[in-house]
Structures are given as structure tokens and as C-alpha cells.
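Reading through the C-alpha cells given below for one structure.
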Amino acid sequence: MKNETRRHLTNRLVLAGLLVGASLAISTGATAAEPTAEALLDAYVEAMGGKAAMEKIETRVTHGKLEIPAQGIVMNLTLYSARPNLNYTLIESDMVGKIEKGTDGEVSWEMSAMMGAQVKEGQERDDYLRDSTFDKWLHWRKLYPEVEYAGTDMVGEKPVHKVVIKPEGGEPQTLYLDQSSSLALRIDIVAESPMGVIPVASYLKDYREIDGILIPYEMEVEVMGQKRLITTDKIEHNVALSADRFALPPEIRAIVDKGEGEAAAEVEPTSE
Amino acid sequence: MSKHHPIVWVLLVFFVLSIGLPVTAEGDESLGDEQRRLNLESFDYVWTTIDEKHWEKKPGGLDWQAVRDELRPRVEQAATVDDARDVLFEMIGRLGQSHFGIIPGHVYEELQVERGAGTTGIVARVIDGRAVVISIDEDSPAADRGVHPGWEILGVDKEPLEPRIADLSREFGDSLYLDLVLASSVMGRLSGPVGEQVMVQFLDGRGRKVKRKLSRVEQTGDLVTLGFMPPVRVWIDHRPLEGTLGYIAFNMFIDPGRLMPAFNAAMREFLEADGLVIDLRGNPGGILAMGMGMAGWLIDEKNHRLGTMYVKDQEVKIVVFPRPETYEGPVAILVDGLSGSCSEIFAGGLQDLGRARVFGSRTMGAVLPSAIEKLPNGDGFQYAFANYVSEGGEVLEGRGVIPDQAITPTREALLQGRDEVLEAAITWIRTHQEHMEAAR
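Heads up: the protein sequence lines correspond to chains Z and E, in order. First residue of the first sequence? That's 316 in the working numbering, and the numbers climb one at a time after it. First residue of the second sequence? That's 1080 in the working numbering, and the numbers climb one at a time after it.
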């Protein structure tokens, strides 16, 4: 890590601590020791590197692996993301072939030989678009209108503050923020899809600095009693991505056009 | 990774449903301290996994803690690897549920070395207490040596089959696994190391006893490894039937990277067919998502399900995601007593939805979603973590899919080169077609 960057991040972590400290100082009475959710989320953003560092990044390409360790299954994972909320995810392996998912900022879609081409709808679409927001946590005030402090807990051996955040129309999520570093160590969400409402707990580990931002290089995910591991091998910032990278694939475009055609036909007045 | 939600969807679908492979225990060497420790760790791993992940508060209706208290000392005292493994077999056997199994570590090594057991090309089932050839792989040693469907297999390498079939029939007489056990017994004797030969005694179509020395060759299909599941051969076949019908068969719901594109290509080819036959006879299951994806070719409306999985404290709907183009004609699904797991969910789900008619014999009744993990001692451990209820409200575990039209193949028809189950499906499709045309 370069000295300048290290100084920058050290300053950010100090500032993050000050933000939480300030919230404690202005609290009164019985809640004197209780930080506010807002201050903790601001501190989280600062701890990751802060607004200025984040806004220097326009695109991100993440190369990694998605594993089911207990079952010996490993797949390659590549995520492309860009401002404001463009995303394309590619999972590949000899075993599963190619699985793609993405958004052009409006349409959320998924495609694989296994499940075919699908355009997401409803809450599933809304959740995906929100989660595709570049620098999501920088925009927490807009994305999560309701935030609430939910006390303390432990993640492993580390004491954490819990913050419950609620997106408009979506299910609440819980962030477990390290009392020492202000970084998120665990995030609980509820994944909503046609398959049902399924709780997912993600443990964020191995934070590393890249271009002035701290990013977890390892994430352990628990879903339906099964563990999954997502590891990052390499992150590239401000890579020039072609306009086609986030364009809808022809199969998805066909579904969207067909849907729009059907919707138009439904509202077209009859000529009796 | 700063964004986690976009990949959560993938995490939900990779659950293996395949039935455990029939394997035998091996390893009578005495135990050192290290092996004893690994066996105890493996016992604890199995017990804890079931304790934490079984969907019933009392797994299998058992006092699970009492099971541990009773059996763990026996692992501590086990004199050999086999003895320790037997205790694990006993523990999971007490659950009385499918998809719980121990795969001895040596099985992985043997299958890796041999690249799968060799085959003579004969596919056999036991019909009315007799081992009968029901089909023969093209260009196989059995085909080359003139073996025909319908021939009865009297013995393998001088060992008569009848006594073993009689024993197993008595032992498993009331079990839905009877067909599987009997077929596995016969097929297990026919298979063996690639390159070796086996002498098979038959009763041919004219009632004569004949012998054929058959080589064992590589099985049909691609050798596929899925995580800690032992390697398996996977194949898919599709062809037009009677000019205007489509026929698709595949032996497992595994290898989505290769099998799904082939299935999808077949569906595109058959989109305008008068009828479609999907042959799942002998198919023991595989990856649930593949069944969901295949069903998407047959259902044109959203929000239909093949059933529901009940995991501890939550439920997961087995949803069908319609493809942009779907097949609208009549669908017949062929099953038998060796159709298990994902095959049953696929067939039973489409049957419940009124989208397919099922032909053949009752399926295995082994539908629990499961995962396969490696134990500290190197053995594989398959465990079910959810119950499954069909869209029609049936718990298929232990019940199986009951065909709309029950048909058991006969030796006589096989000798005539006929496939009665397929014939019934074609007859139904043609009749259905006539009704549709009359209605129009």
C-alpha cells in the first residue's frame, strides 16, 4: 500500500470514529451510549474510503470465484459494474456452462442454458436495480429511507453495532458494523424471488485497499443452511467498458419488446 | 466484493437431488490413532449436520441425541475402518429416508482410476422375477454378439441369477426400491473393469440356452464430475418418432453445461411436433434447477410450480420459468421404478399441473433434495436437507409418482422388438391429437 493511500485511509478511519463519537456526544439521557444509525452508516462510508475516493471510480471489474466448498464445486465469477447502476455478472464453469445476469439500469434480466432467458419483475427487479447502484453505500440516504439502530452484537470475536435499513417497498436488511473499524462484517438480507422469500447472511472478510477504497475480498454466504464462498482474485477500476457490455442481450430484448407489445395491445381501444 | 445480492440467485439453485450411488464398503485395516480421530470427527460431522439441517425437529421421528449417545462409543471402539463406517451407515439408516448415504473414500479413487465401470451394452430389468434384457446400446459388445431385447439373463460368470433375485425380492418385497435393487444387482454383475470379459448365460427368443462372452467397454456418454459426487457418465438422445413426434431421453439431470444446450436444441427442433415424449426411465435425478429449466419449455404461463421444498424453517417454491418460446402440444413422460428424485419432481410436477401424462411403472419415491460433502476421513456424505411436496399436495417421498397409465414391459413384447410403454404414449398422443382436431 502506498504511503499516501495509507495515510488517506488512516485519516478516514479516524474520521469514521469521530463521526460515531460525535453522535454519542450529542445523544442524551438513557440513550447516551447509543450511536445513531445515520452516524454509523456515514462512518461506514468514511471507513471504506469516503465520498471523494469513491467518486473517482467510474467502472469496476471484479474477477473471482464462487464456491460451494463443502461440495467441491467451483465456478469462475466476473462482475462488471459502472455508474449509475449498470451491472453485468458472468458465472462460468465446465460444469454449469455460462450463467449471466445484468441490468442496463432499467431492465433486470437473467439468462442461462439451464433456466433460459428471463426478465425480472416486481420486488426482485427493484432489489436488483438498487443493489446494482454504483457506490451503493454512498447513496444510503436515498436508497434506504428508513434506518434504525438495533443494538450491539458479536460477529465472531468482534463487537459490532447493528443497523437495520429498509428500502422503499423492500424487506429490511441488517448491517453488522465493526465497533472498531466501522466496516461491515456481516449483512443479512432477505432475497425475494418467485422461489420465495429466503434469508441470506453474508460475512465480509479480508478487506483490502484498492485505489483508496477498502473492499472485502472474501465473502462467506449462508443460505438455506448451506455455505457458499465468494473470493476476489483481482479488481480493476476505471477500465474502459464498451457500451455493449451492459446492453440487453437479443434474447432479453425480444422478451422486453414482446412484453411492451402485449401491454400496448391491452390498452389499445377496441374499434367496434 | 461490494455487491453481494446479484449473485445470491445462483446460490439458491445448486442443490443436487440425485439418488446415492450403490456402493460397497471396503477397508478392513486396523485403526491407528489418527484414523480413529478422523472417524470420530466424521461421525460428529454427520450427526451434527443432520441435527442442524434436517427439516424435522426430531429427524426421522428419532431422539437424535440418544442416537448419538448410543452410537458414538461404537465408533470409538471400532477395530477397522469398515466397522466405523458401518456405524455411520446404521445411524443414517435409522432415519428411514432417501438421500442419506456414505460413499466410501476408496470409491472415488477407484472411479477416478477406472474412469467408470465398463459395460457390455446390456440394459436389464427384473420382470416377473426374471432378469430380462430391455435394451442394448448400439455398437456395443452385446449388440455385436447378437444379444436381443427380451432375452432372459440366466447367469453371469457361472453364477445363476435366480436365487439372488428371489432373495432380494423377499427382502425388499414391500419396498419402492425393489426395482432399483433388483436392476442394480443384475447390472452390477454385468459391469466391471473396462477391457475385461464376462460370460453371460441367456435364454433366447426361441427358448434355447445360449452363452455369450462379452467384453466390457466404456459406458456411453461424457464422464462428468459434480463436486464430491463420484464421476458418472451422462448422455442425451433425441430423435423424431413416426415423422411428426419428438422423443428426448437422458440418463441424469447432471452436466448442465453440456446437457441443457442439447436439450434446448432438441426442444427448438420439436417446437412444432404433434407430440413430445420425454423418456425418464432409469433416470435417477440430479440438479433440481435443470428440471425447472426443462419444464420452462412446456409451460407458457408464469407462477406455476413443480412443488415446494420445505427446508428448516422456510419453504422454497420450485418455480417454472417459462421460456420465450414454449411447446404447446401433448407431452408424455415415461418412467419406471428406477426414475428417482428430480425425475419424480419433473414428472409428478407436470402431472399435477395437467401438462403431461405419465406412462410406465411407479417411480422410486426418493425425492428429497440433498447435498454431498466430504467427511474428515475422506468418505463422501450425502444428506437430505429438505422435504418435498408436489403441487398436488402429495409427499412423494416413499410414495413415488403413480403413472396415469401403468404399463409394465413384458418379455414377449420385447422379443418382438416392441416398447409397450412408448407405444402407449404414442397412442395417447395420436388420440389426443384426433380429439383436438375434432374439437377444432
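Even glycine gets a Cβ: it sits at the ideal position worked out from N, Cα and C.
- Straight-line spacing of the CA atoms in Asp1258(E) and Gln1280(E) works out to 22 Å.
- By the neighbour-count criterion, in which a residue is buried when 16 or more other Cβ atoms sit within 10 angstroms of its Cβ, Gln1144(E) is exposed.
- When the five nearest sequence neighbours on each side are left out, the beta carbons in the same chain lying within less than 8 Å of the beta carbon of Glu1476(E) are those of Gln1176, Ser1177, Gly1444, Ala1445, Val1446, Leu1447, Asn1466 and Tyr1467, in order along the chain.
- Comparing alpha carbon positions, the residue from Ile388(Z), Thr351(Z) and Glu425(Z) closest to Met1308(E) is Ile388(Z).
- Counting C-beta atoms within 10 angstroms of its own C-beta, His1514(E) has fewer than 16 neighbours from the protein chains shown and is therefore classed as exposed.
- Any Cβ of chain Z closer than 9 Å to the Cβ of Val1398(E) would place that residue at the interface, and such an atom is present.
- Rounded to the nearest angstrom, the Cβ distance from Val1296(E) to Ser1219(E) is 7 Å, consistent with a contact under 8 Å.
- Identification of chain Z residues near Glu1131(E) by a Cβ-Cβ cut-off of 9 Å yields Gly540, ordered along the chain.
- Look at the beta carbons and you see the stretch 1372-1392 of chain E touching the stretch 1420-1436 of chain E: at least three pairs across the two are nearer than 8 Å.
- Look at Leu1117(E) here: in three-state DSSP terms it is helix.
- For Asp1415(E) and Met534(Z), the gap between their C-alpha atoms comes out near 43 Å.
- Pro1482(E) is classed as buried because its beta carbon has at least 16 other beta carbons within 10 Å across all chains shown.
- Taken through DSSP and simplified to helix, strand or coil, Trp424(Z) comes out as strand.
- Assigned with DSSP and collapsed to three states, Lys1132(E) falls in helix.
- At the C-beta level, Arg1285(E) and Asp1301(E) stay beyond 9 Å of one another.
- Cα atoms of Ile1505(E) and Glu507(Z): separation of roughly 41 Å, rounded to the nearest angstrom.
- Asp493(Z) has a beta carbon lying at 9 Å or more from every beta carbon in chain E.
- Every unbroken stretch of the beta strand (DSSP E) spanning 3 or more residues and falling wholly within the stretch 1397-1444 of chain E is given here in chain order: 1410-1414 and 1436-1439.
- Neighbours of Asp526(Z) in chain E, taken as residues whose beta carbon is under 8 Å from its own, are absent, since the nearest beta carbon is some 13 Å off.
- Residue burial is scored here from C-beta neighbours: Met1266(E) has at least 16 other C-beta atoms within 10 angstroms and is therefore classed as buried.
- DSSP links Met390(Z) through a beta bridge to Leu381(Z).
- In the structure shown, Glu1491(E) adopts helical secondary structure according to DSSP, grouped into three states.
- One alpha carbon belongs to Lys549(Z), the other to Gly431(Z), and they sit about 29 Å apart.
- Residues are counted here when their Cβ sits less than 9 Å from a Cβ of chain Z; for the stretch 1447-1465 of chain E these are Ala1450, Ile1451, Glu1452, Lys1453, Phe1464 and Ala1465, given in chain order.
- Relative to Glu1155(E), the option among Ala1503(E), Arg1116(E) and Gly1234(E) whose CA is nearest is Arg1116(E).
- Sequence-distant partners of Glu439(Z) (beyond 5 residues in either direction) whose C-beta falls short of 8 Å from its own C-beta, in its chain, are Ser423, Glu507, Ser508 and Pro509.
- In the DSSP annotation of this structure, Gln438(Z) is not part of any beta strand (DSSP E); the continuous alpha helix (DSSP H) holding it starts and ends at Gly437 to Asp446.
- For Ser496(Z), no CB of chain E lies under 9 Å from its own CB, so it is not counted at the interface with that chain.
- Here Gln433(Z) has Glu425 as same chain residues with Cβ atoms under 6 Å from its own Cβ, once five neighbours each way along the sequence are excluded.
- At a C-beta separation below 9 Å, Ala1485(E) has no neighbours in chain Z, since its nearest C-beta there lies roughly 32 Å away.
- Taking the beta carbon of Ile388(Z) as reference, the chain E residues within 9 Å of it are Phe1093, Leu1305, Gly1306 and Phe1307, listed in sequence order.
- As computed with DSSP, Leu1305(E) is found in a beta bridge with Met1308(E).
- Looking at the backbone, the Cα of Ile504(Z) and that of Glu461(Z) are separated by about 15 Å.
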